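Step one of this worksheet: look at the structure below.
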Amino acid sequence: MVPKYNSTTLISKHVDMNAYIASSFLLSIMKCCPVDKDLKEQWEHELENEASIDEYEINNLCNVFKVLSNPLRLKIAYHLLKQDYCVGALVYLLREKQNLVSHHLAIMKQNEVVDSYKISRYTYYRLKPEVRLMLSSNRQL
Numbered sequence: 000m001v002p003k004y005n006s007t008t009l010i011s012k013h014v015d016m017n018a019y020i021a022s023s024f025l026l027s028i029m030k031c032c033p034v035d036k037d038l039k040e041q042w043e044h045e046l047e048n049e050a051s052i053d054e055y056e057i058n059n060l061c062n063v064f065k066v067l068s069n070p071l072r073l074k075i076a077y078h079l080l081k082q083d084y085c086v087g088a089l090v091y092l093l094r095e096k097q098n099l100v101s102h103h104l105a106i107m108k109q110n111e112v113v114d115s116y117k118i119s120r121y122t123y124y125r126l127k128p129e130v131r132l133m134l135s136s137n138r139q140l
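Residues 0 to 140 (numbering that gives the first Met the number 0) are what the sequence shown spells out, left to right.
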């Protein structure tokens with residue numbers, strides 16, 4: 000059942016939303032760069048206590064994004080998100096040449112996007128846990 004609104008209800012809801020937006024805007028302005036000395040000291044203290052950006056983590060993320068910026072490597076990563084695969088299975092799934100898939104897997108391994116392990120004479124590849132987390136959360140967007 001679709002709720003019915005009359006014009007007064009719609010206007011009051013619109014006004015309430017505008018008031019909410021205005022009040023949150025004012026709060027954000029009041030929090031940023033306060034003029035009052037006491038508020039400014041408190042504001043600076045709060046900013047200093049916030050989590051700082053870890054440069055090492057940022058550089059690692061940049062590296063992962065660079066590696067995954069290639070469409071074929073991103074396809075490989077999404078296949079590896081489902082399960083671990085050997086090169087032959089990835090060649091079949093991607094419909095690409097074996098040497099090309101192996102080349103991209105080597106780049107991904109060198110840049111710590113994937114790990115590999117051997118079973119018998121076959122090498123299987125899997126995503127590193129942190130990359131798996133990044134890609135699986137991205138799929139939910």
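Backbone N, C-alpha and C fix where the C-beta goes; we use that ideal spot for every residue, glycine too.
Quantities reported herein were computed from a predicted structural model and do not represent experimental measurements.
Let me know the secondary structure DSSP gives Ile52 once reduced to three states. In the sequence shown, the residue the question calls residue 52 occupies position 53. DSSP places Ile52 in coil when its eight states are reduced to three.
Same chain, Cβ closer than 6 Å to Lys12, neighbours up to 5 away in sequence not counted: For the purposes of this step, residue 12 is taken as residue 13 along the sequence shown, with counting starting at 1. Here the model assigns Lys12 a pLDDT of 48, short of 50, so the residue's position is not dependable, and the following value carries that caveat. Closer than 6 Å at Cβ, skipping near neighbours: no residue.
Ignore the nearest five residues each way along the sequence and tell me which others in Arg120's own chain have a CB closer than 6 Å to its CB. Here residue 120 corresponds to residue number 121 of the sequence shown, with the count starting at 1. Cβ neighbours of Arg120 beyond the five flanking positions: none.
Taking the CB atoms as reference points, tell me whether Ile97 and Val90 lie closer together than 8 Å. Against the sequence shown, residue 97 aligns to sequence position 98. Against the sequence shown, residue 90 aligns to sequence position 91. A small fix is needed here, since residue 97 is Gln in this sequence, not Ile. Yes, these two residues count as a Cβ contact at 8 Å.
Per-residue burial, Val100 [other beta carbons within 10 Å of its own, 16 or more giving buried]: For the purposes of this step, residue 100 is taken as residue 101 along the sequence shown, with counting starting at 1. Classification of Val100: buried, given that the 10 Å Cβ count is 16 or more.
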